[in-house]
Amino acid sequence: MTNRSKTMPTVGQSIPHDSGTGHVTGEALYIDDYTPIADELFVEFVGSPTACGKIESVDVSEAKKLPGVVGVYTYRDVLGHNIFGPVICDEPFLAEDRVDYVGQPVVVVAGETREAALAGRKAVKIDVSPKQPVLDIDTAIQKKQFLGPERRIERGDFDSAWDSSQHTIEATFESNGQEQFYLESQACIAYPGEQGQLMVESSTQNPTETQAILAEVLGLGMHEVVVRCKRMGGAFGGKETQGVIPALMAALVSQKTGRPARVVYTKDDDMKITGKRHPYKTWYKAGFDSEGRLNAVKLDYYSDGGASADLSTGIMERTLLHADNAYYLPNVKLKGRICKTNIPPNTAFRGFGGPQAIAVIENIIQEVAAKLGKDAYDIRKINCYGGSPRNTTPYGQEVKNNLMPQILETLAKTSDYKKRLAEAEAFNKQSPTRLKGIAMTAVKFGISFTTKFLNQGNALVSVYTDGTVQVSTGATEMGQGVNTKIRQIVADEFGIPVDRVMMMTTSTEKNINTSPTAASAGTDLNGAAASNACAEIRQRMAKFAAELFAQKNNHLAPSPDEIRFEDGHVFDRRNTDNRVAFGDFANQARMARIDLGARGFYLTPGIDFDRDTGKGNPFFYFTTGAAVAEVSIDRFTGDLRVVGVDLLMDIGRMINPGIDHGQVIGGFVQGMGWCTAEQLVYNDKGELLSYSPTTYKIPNITDIPKRFNIAFMDNGENSKNIRSSKAVGEPPLMLGVAAWAAAKHALGCVAGKESVPLKLPATNEEVLMCLTGIEHKQREADKRQASTH
Amino acid sequence: MLQSTNTSRDHLLVFINGQRHEVAGLNAFLTLSDYLRLRLGQVGTKIVCSEGDCGACSVLVGRVEDVVDESGGGDKSRGGKLIYRAIDSCIQFMYQLDRAHVVSIEGLKRNGLLSPVQDAMVKCHGSQCGFCTPGFVMTMAGLLEGDGVDRGEALTPDQLRDGLTGNLCRCTGYVQIIDAGCAVDPGKTARLSELYPDGPIADVFNSHSQDGVVVTADDGRTVAIPANLDAAVAFKAAHPGCTVVAGATDIGVQRNKGKIDPREVLCLANVGEMMGVSYAGSNLTVGACANWSRVERSIKDIVPQFHDVLTVFGSPQIRNAGTIGGNIANASPIADSVPFLLVMGAQLEIVGPNGTRRIDINDFYTGYKQFDLSADELIARVHIPLPTEAQTLRLYKVSRRRDLDISTFTAAVLVELDNAGETIRNARIAYGGVAAVVLRLPKTEAFLTGKPFEESVLREAGQLARTEVTPITDVRGSADFRLQLAENILAKFYFDCAQKTPV
């Protein structure tokens, strides 16, 4: 046979999302789309009316009398342990004697219908004697209300470096929280199994932990609980731990009634009672020379952890590990504390503490530039990680294969940064109506869970006798395309088309003791595990194939190393005309009693970090990039438009460029939302006022700049990760900081060398009030000057 | 064609993906999305916010638009054709859909094959998590039903941006969705009329166009869907406590959030004579039930200022449902149309059992959500005097996000200059979001009268304007922010107009 068309490897191709057709037809099912079983119950909950206080009484008697109300439960109905927590065991499933935030679940109500459950919810009376809630970081610090230990990372000698610095700045920086705003609210259906077992369909990034907590709280063994997740309608970290409470609600009802039970939060409830990105307040000091080289940096981070620890300790840890971002800090003193307040426990959100750290250091760079009257880009360049010795992080990890300087330079050229900067500044001098601003910011994001044991994955690969393959991994699909990428990896392992590979529902039955799909590491861990499983199956197949082809051709000595899996066929490299279709081959292998299934395991090698000393190599590698953003501001209304974005990233060799483009654009836009628009507003009772899309504004299609350029650095050096790819999920989010920095630059053009006290997000209100303050200060100064002359 | 007149019907006549449904009883009071998901098991339509602010539940609704537009600039009557527009199905009640054809995501494939929009969304990676995707696909399919496609041209990025403001996506950052929209070849895209021929459906609808519909549920709740204004007025007079529903863009939200549960409803969705938009002399007359999209299409060349601000009212889905009468009677202090209507001195034509009366909208509002309309009256039409050549009109909407956001602050500024263009002959200013009602600013208006049209004058007027308003701090902004906007907007007005003013 000659002139055979050779199938391209699918890795590197932009094949569509594996659920794409399901998405566009509405045939892809989410939890609430599952057809109800006849006796299924609907579950509602009653939340705390108060942010802080002692529960005096919970009266469920009226609710129980209502028609259609099947059960009303409190913590007293919990058979196992009511208190749980992913790191620190401090969070009640249902509040016991006190409440710690508005809406905190106290009572679970099961109804024959949604209406009945809702009526039951309304009929429950909770009497709380309220205490003064703590609703902000400053008050928590004052009252010394903290969660978890203080964490420190130090290098060099900050104090003497500070004393000897030519220039210094010292101030605070505040960034607000951010709602994940996954479109599919938290949802779960629990199905009772035989003999007290449970099967749970949950919208979760973390089936294993959901399984473990369900077992713990309900008094079951983990072997009695199966948790499955087909897909999520978005998650972004918000379903890493916080899917657990709704899962518990459904599971409790199912356990009590022996009937299937469904809980689907309304958007309003979801936004009111689930955790978000942590607000931060950071006290900073920076000393630098006249070139703007940072010599002494001290950062005291305080996050608002909310009412319980959740993942706050890990998030603060990542903050400390990203204090440097892309910049070398020789003398640095970092401290992190988590404040305990009376809002829902804050949790993971894409970036996981990284964005808050990066915003602070990028703000410092803007301040240094303003103080020295220099272009902030030049300050970034001079501080950027380079060769030895300017290539070790404050925690002692060497920054290897570092393309950061090239990324900054290349992007400055391709975005025409200098010219546009000059144009913006000239424009601002003459325009009475608008201000322009432009800035470049960077990202260097560490890839790996900073909790070492989580850096493992397992996968189950099953080859059927028609040559098709099912793959199950611990990865959960939330839209990020992890299943599509793994499908490509597996297809290439066997040399078969992607449509011969099916990604199966994630289930704790098939993949055990898995890590959450988080830390951008879903494909890294689970893709590598699947690849290992394939390698094992291929090894067995190759041994069989070697003998098979040798039998057919007696000139060939059997050699498994010579067996190839390509173009949907299996053959011996030395005799390519004798080929067997992969399906036929699989069937023959089964006849020969070859095992066609394997479980693959992967652990990230070479990582280690000591939390107590703040030293080690927590990261397998770094994903890096930079962004230039240009904004235009209405001087009368503060209205801010992001008018241009240029992104440049190093994400290694892309497994699926279409998906990775989507991750980069989507991540950036989410970051832009955090930095410029999304504002969580609470009242003084601790009630969230911005609890639906009417009042909480994520970016809209018209907020997307028309100039939106994306490019990637050519970097195949990262051979240690699966297919030389790099993780892409979280890093681009932090490039959204460029939009905020551009706003700061625009206002700086009015303020001159005066500091611009712009908080994050730079909403129209924040921008206008900041601008008004600057202008007012200048008018006062002018008046004083006039009166002295 | 047989046309029955004034037949009374006790059920709704709705087509869904080509299938005829006679909807009666409590089902008539469900939202469309609940009917699709819970009654028909068609779960492709997704629910996120239940308030029309995300578009995940978008579907297309086709109607025989039998309103003849007299302005000449807008719709032509298309007779037996169904015209499809996207709406949010979570805040559209079934009873609003009598004589309508609903096409949902389940109805878009043809012969089991993806439509070109669906295909492009898959190929361009327009979906990630997929939850918003059915809504985007439906809205985009609706755009291809629009006028641009008749010329066989692909949708432009700008058309897609304007057309998709009602759909939120949290994953993609929208770029690949725009790419997908641009990649659709409209020449190869079947119109809905090819999938679902207009004729048979339109015939059914037309033959029932004069039916008076009253649906009563087992629990006693009632909805009347009259076919003409007289019947509507008669019902209102007989049931003065009923809830009037036009587009339900607010009532739907309130019902979904458990704030109201109306038991007696007058639905105006089929009163064609309340939907016209006409233009004569320097007067625009808009039927109270004309939805914003209709107004938008009709006035584009007549009052470009009003048109431009209309394009940031809600979203296309909201504008395809919400009406001018609803906006007025909702009486929100941040109602987007009201500042414009106040400075123009719009007249409301109100009908009741005793006939018709007119009232200047400046005299209509009496307090927070209070207005001069008795329980047996309906707003039938709005008569709007349009700006003269000598008048300069600017409308402002400040919101946290440009599109699909409720205003923090709104303003309408109408200034008439003398012939030399130097002196302000008179000024009318209305602000929203700064008090319990939308306010006129009499002191500021008086101050400006006779003053030169100069920056310093407008800045001084801004300082005065601050003193005339009493904003509060709420979720959309602080009182200080609103005060600053009240001050700044007049300076902004100056610069917006200065270029066009003779020096």
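Going down the list, the protein sequences come from chains A and B. Per the numbering used here, the first sequence runs over residues 1 to 789. Per the numbering used here, the second sequence runs over residues 1 to 503. Every residue gets a Cβ at the ideal spot worked out from N, C-alpha and C, and that includes glycine.
Which of helix, strand or coil DSSP assigns to residue 502(B): Residue confidence for residue 502(B) is low, a pLDDT of 37 falling below 50, so the modelled location carries little weight; the figure read from the coordinates is stated next. Coil at residue 502(B), not helix or strand.
Residue 145(B) at chain A interface by Cβ criterion, 7 Å: no
Under 7 Å, Cβ to Cβ, is there at least one residue of chain B near residue 570(A)? no
Rounded straight-line distance, which links the Cα of residue 537(A) to that of residue 597(A): 6 Å
On the DSSP letters alone, give me the boundaries of the alpha helix (DSSP H) that residue 484(A) sits inside. 482 to 494
With distances taken Cα to Cα, identify the nearest neighbour of residue 53(A) among 550(A), 127(A), 590(A), 276(A). 127(A)
May I ask you to list, following chain order, the residues of the segment 215 to 240 of chain A that have a beta carbon less than 7 Å from some beta carbon of chain B? The segment 215 to 240 of chain A vs chain B, Cβ under 7 Å: 232, 233, 234.
Is the segment 299 to 309 of chain A close to the segment 386 to 406 of chain A, with three or more CB pairs under 8 Å? no
So if DSSP puts residue 575(A) in a beta bridge, which residue, or which two residues, is it bridged to? 572(A)
When we look at the beta-carbon of residue 71(B) and count the other beta-carbons within 10 Å, is it buried (16 or more) or exposed? Confidence at residue 71(B) is low in this model, with a pLDDT of 43, below 50, so its placement is unreliable and the value that follows should be read with caution. Classification for residue 71(B): buried.
For the alpha helix (DSSP H) containing residue 24(A), list its first residue and its last residue. In the DSSP assignment, residue 24(A) falls within the unbroken alpha helix (DSSP H) covering 20 to 25.
Using C-beta distances below 6 Å, list every residue in its chain close to residue 437(A), excluding the 5 sequence neighbours before and after it, in chain order. 631, 742, 743, 745, 746
If you run the structure through DSSP and keep just helix, strand and coil, what is residue 496(B)? Residue state, collapsed to three classes: helix.
With distances taken between CB atoms, is the gap from residue 484(B) to residue 433(A) smaller than 7 Å? Annotated as distal: residue 484(B) and residue 433(A), with beta-carbon spacing of 7 Å or more.
Please state the DSSP three-state secondary structure of residue 211(A). In the structure shown, residue 211(A) falls within a helical segment according to DSSP collapsed to helix, strand and coil.
At least three beta-carbon pairs within less than 8 Å, the segment 34 to 47 of chain A to the segment 217 to 227 of chain A: The segment 34 to 47 of chain A is not in contact with the segment 217 to 227 of chain A.
Can you list, in chain order, the residues of its chain whose CB lies under 7 Å from that of residue 218(B), leaving out five sequence neighbours each side? 25, 26
Under a three-way DSSP split, which group does residue 295(B) fall into? helix
At least one CB of chain B closer than 7 Å to the CB of residue 341(A): is that the case? no
To the nearest angstrom, how far is it from the Cα of residue 425(B) to the Cα of residue 328(B)? 29 Å
Taking the beta strand (DSSP E) that residue 398(B) falls in, what are its first and last residues? Residue 398(B) -> beta strand (DSSP E) spans 391 to 398.
Please give the ranges of any alpha helix (DSSP H) in the segment 271 to 295 of chain A, keeping only runs that are unbroken, at least 4 residues long and fully inside the region. None, since the segment 271 to 295 of chain A contains no complete alpha helix (DSSP H) of that length.
Endpoints, the beta strand (DSSP E) within which residue 597(A) is located: 597 to 603
Using the beta-carbon of each residue, which ones in chain A are nearer than 7 Å to residue 105(B)? 25, 26
Alpha-carbon spacing of residue 296(B) relative to residue 314(B), whole angstroms: 13 Å
Identify the contact partners of residue 91(B) in chain A, using a Cβ-Cβ distance below 8 Å as the criterion. Going along chain A, no residue has its Cβ under 8 Å from residue 91(B), so there is no contact; the nearest lies around 12 Å.
For residue 278(B), list the residues DSSP reports as bridge partners. 285(B)
Helix, strand or coil at residue 33(B) according to DSSP, with G and I counted as helix: helix
Beta-carbon spacing of residue 70(A), residue 63(A) below 7 Å: Taking 7 Å as the Cβ cut-off, residue 70(A) and residue 63(A) do not qualify as a contacting pair.
Straight-line Cα distance separating residue 405(A) from residue 11(A): Separation of residue 11(A) and residue 405(A) (C-alpha to C-alpha, rounded to the nearest whole angstrom) is 29 Å.
Where does residue 349(B) sit, in a helix, a strand or coil, going by DSSP? strand
Measure the alpha-carbon distance for residue 82(A) versus residue 213(A) and round it to whole angstroms. 10 Å
Can you give me the start and stop residues for the beta strand (DSSP E) that residue 621(A) sits inside? 621 to 634
For residue 79(A), does the count of other Cβ atoms within 10 angstroms reach 16, so buried, or fall short, so exposed? By the Cβ neighbour-count rule, residue 79(A) is exposed, with fewer than 16 other Cβ atoms within 10 Å of its own.
Would you kindly check if the distance between the Cβ of residue 624(A) and the Cβ of residue 660(A) is under 7 Å? No; because the gap between Cβ atoms is not below 7 Å, this pair is not in contact.
Quick one, which residues of the segment 258 to 290 of chain A are near chain B if we go by CB-CB under 8 Å, in chain order? Hits within the stretch, in order: 266, 267, 268.
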